[in-house]
Amino acid sequence: MSAGATCALGTAACVPSETGPVRWVRVPPGDSISAVADSLAAHGIVRSARTFERFARMGRRHLGIRAGVYPLRPGTPMGKVLVELRKGRPDAIRIRVRPGVWLVELTPVIARVLEIPLDTLLAGSRDSALLASVGSTAETVEGYVFPTDYYLPLDATPQQIWRQVADTFEAYWADAWDRRLDTLGFTRHEIVTLASIIEGEGPIESDRSLISSVYHNRLRRGLRLQADPTVVYARGSRARLYHKHYRLDSQYNTYRVDGLPPGPIGQPSHASLLAALYPAETEYLYFVATADGRHLFSRSYREHLATVRSVRASR
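For the sequence shown, position 14 matches number 14 in our numbering, and the numbering has no gaps at all.
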């Protein structure tokens, strides 16, 4: 969709393809030039709504303004703004969901771009029928917004948005995976939760099946997962962790609770889902991340401590 507006959801924010403080301005069908000018001023794109309106009316150029959602920067020359508004945008916006993004990071962007009250959008993510349709036993659809591009109509309702999310997840979930669940003795929700933790451990795909093996081994032995990404999620911030954070009293903190947390801690990628379903066959129980984001694995706690000391000494 070459002419569409694009929102890329990364680990912390919506990052437009252009740099700078981009604002998303919606022009509904049939909006007057006065209403468009007011919206531009409210978003900080132009300093004066009336000045822009007078400028746009020169030569009746305002008649070419078309409906859509436009990514615009504050301070853009009025002539360039008008050129963009006359190009037109399609009746849908593309939302690109990145692996690992949290629902609390994703929903404000969708709400802002589509001008939907955030509370209403969040309420839709907690709909019991929606959760049952994807197999979630958690409170929200966290973990089931499959990382891909979503084309959302500008007039989409929260129900339509979440229905598209559920349908997309089902489309990517392979039938063979259900049979694999039976072999593992896991539910779909448990695997999606585990996959989201694996996703949080880092971007190195070659390590994921090994990381998965550690967690599967620890679960079988009744050991706590002690997964840092769950502490990050429980804290609600991606800032650096300190020792005090590992003591957080949260059902998502796997340093404090046994087994898996009650639900996913982000949106797992296809690679992480595969890793959760098909872990490597190892005896590993521990791992530590190196400076380049890779991981070193250990079978015993003594071996793990020696590896940690070696990694710290090399930094």
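C-beta atoms are modelled at their ideal positions from N, C-alpha and C, and glycine is treated no differently.
Owing to the predicted nature of the structure, the values given are computational and were not obtained by experimental measurement.
| Sufficient close CB pairs (3 or more, under 8 Å) joining the region 275 to 285 to the region 254 to 262 | These segments do not touch.
| query | Mind pulling the alpha helix (DSSP H) runs of 4 or more residues that sit fully within the region 82 to 135? | reply | Complete alpha helix (DSSP H) runs here, min 4: 103 to 114, 118 to 125 and 128 to 134.
| request: Tell me whether residue 43 sits in a helix, a strand or coil according to DSSP, three-state version. | output: Position 43 of the sequence shown, counted from the first residue, corresponds to residue 43. Under the three-state reduction of DSSP output, residue 43 falls in the coil class, being neither helix nor strand.
| message | Quick check: is any heavy atom of the ligand HEM less than 7 Å from the C-beta of residue 315? | response | In the structure on display, the ligand HEM does not appear, and there are no ligands present to speak of.
| request: Drop a sphere of 10 angstroms on the beta-carbon of residue 267, count the other beta-carbons inside from all chains shown, and report buried for 16 or more, exposed for fewer. | output: To locate residue 267, count along the sequence shown from 1; it is residue 267. With 16 or more Cβ atoms within 10 Å of its Cβ, residue 267 is classed as buried.
| Range covered by the beta strand (DSSP E) that runs through residue 287 | Here residue 287 corresponds to residue number 287 of the sequence shown, with the count starting at 1. Start and end: 286 to 289.
| field | Environment of residue 98 [buried if 16+ CB atoms lie within 10 Å] | value | Translated into the one-based positions of the sequence shown, residue 98 becomes position 98. Buried, because 16 or more other Cβ atoms sit within 10 Å of the Cβ of residue 98.
| task | Specify the secondary structure class of residue 68 as computed by DSSP and reduced to three states. | result | As a working mapping, residue 68 is identified with position 68 in the sequence shown. Taken through DSSP and simplified to helix, strand or coil, residue 68 comes out as strand.
| message | Please classify residue 48 as buried or exposed, where buried requires at least 16 other C-beta atoms within 10 Å of its C-beta. | response | As a first step, residue 48 must be located in the sequence shown, where it is residue number 48. Classification of residue 48: exposed, given that the 10 Å Cβ count is below 16.
| task | Provide the residue(s) that pair with residue 152 in DSSP beta bridges, ordered along the chain. | result | Counting from one through the sequence shown, the residue named residue 152 turns up at place 152. Secondary-structure assignment with DSSP links residue 152 through a beta bridge to 93.
| said: Let me confirm a value: residue 283 is counted as buried when at least 16 other C-beta atoms fall within 10 Å, else exposed. Which label applies? | reply: Reading the sequence shown from its first residue, position 283 is the one you call residue 283. With fewer than 16 Cβ atoms within 10 Å of its Cβ, residue 283 is classed as exposed.
| When the Cα atoms are used, what is the spatial distance from residue 56 to residue 115? | For this step, residue 56 is matched to residue 56 along the sequence shown. For this step, residue 115 is matched to residue 115 along the sequence shown. Those two C-alpha atoms are separated by around 25 Å.
| message | Rounded to the nearest angstrom, what separates residue 242 and residue 79 at their Cα positions? | response | Locating residue 242 in the sequence shown gives position 242, counting from the first residue. Locating residue 79 in the sequence shown gives position 79, counting from the first residue. Each residue's alpha carbon lies about 50 Å from the other.
| Under the three-state reduction of DSSP, which class applies to residue 169: helix, strand or coil? | Translated into positions along the sequence shown, residue 169 becomes position 169. In this structure, DSSP gives residue 169 a helical state, which the three-state scheme calls helix.
| query | How should residue 172 be labelled, buried or exposed, when 16 other C-beta atoms within 10 angstroms of its C-beta is the threshold for buried? | reply | Position 172 of the sequence shown, counted from the start, is the residue given in the question as residue 172. An exposed status is given to residue 172, since fewer than 16 other beta-carbon atoms sit within 10 Å of its beta-carbon.
| Closest Cα partner of residue 154 within the set 146, 177, 175 and 89 | Locating residue 154 in the sequence shown gives position 154, counting from the first residue. Taking only the C-alpha atoms, the option nearest residue 154 is 89.
| task | Would you mind sorting residue 203 into buried or exposed? The rule is 16 or more other CB atoms within 10 Å of its CB. | result | Locating residue 203 in the sequence shown gives position 203, counting from the first residue. Exposed, because fewer than 16 other Cβ atoms sit within 10 Å of the Cβ of residue 203.
| Do you know how far the Cα of residue 96 is from the Cα of residue 133? | On the sequence shown, residue 133 is found 133 positions in, with the first residue counted as 1. On the sequence shown, residue 96 is found 96 positions in, with the first residue counted as 1. Rounded to whole angstroms, the gap between the alpha carbons of residue 133 and residue 96 is 23 Å.
| request: Could you please give the first and the last residue of the uninterrupted alpha helix (DSSP H) stretch that includes residue 23? | output: Here the question's residue 23 lines up with position 23 in the sequence shown. Note, residue 23: premise wrong, no alpha helix (DSSP H); beta strand (DSSP E) at 23 to 27.
| task | Kindly provide the ranges of any alpha helix (DSSP H) runs that are 4 or more residues long and lie completely inside the region 202 to 275, ordered along the chain. | result | The DSSP assignment places complete alpha helix (DSSP H) segments of no fewer than 4 residues inside the region 202 to 275 at 205 to 221 and 228 to 235, in order along the chain.
| request: Measure the C-alpha to C-alpha separation of residue 300 and residue 227 and round it to an integer number of angstroms. | output: The sequence position of residue 300 within the sequence shown is 300, counting from 1. The sequence position of residue 227 within the sequence shown is 227, counting from 1. Rounded to the nearest angstrom, the two C-alpha atoms are 17 Å apart.
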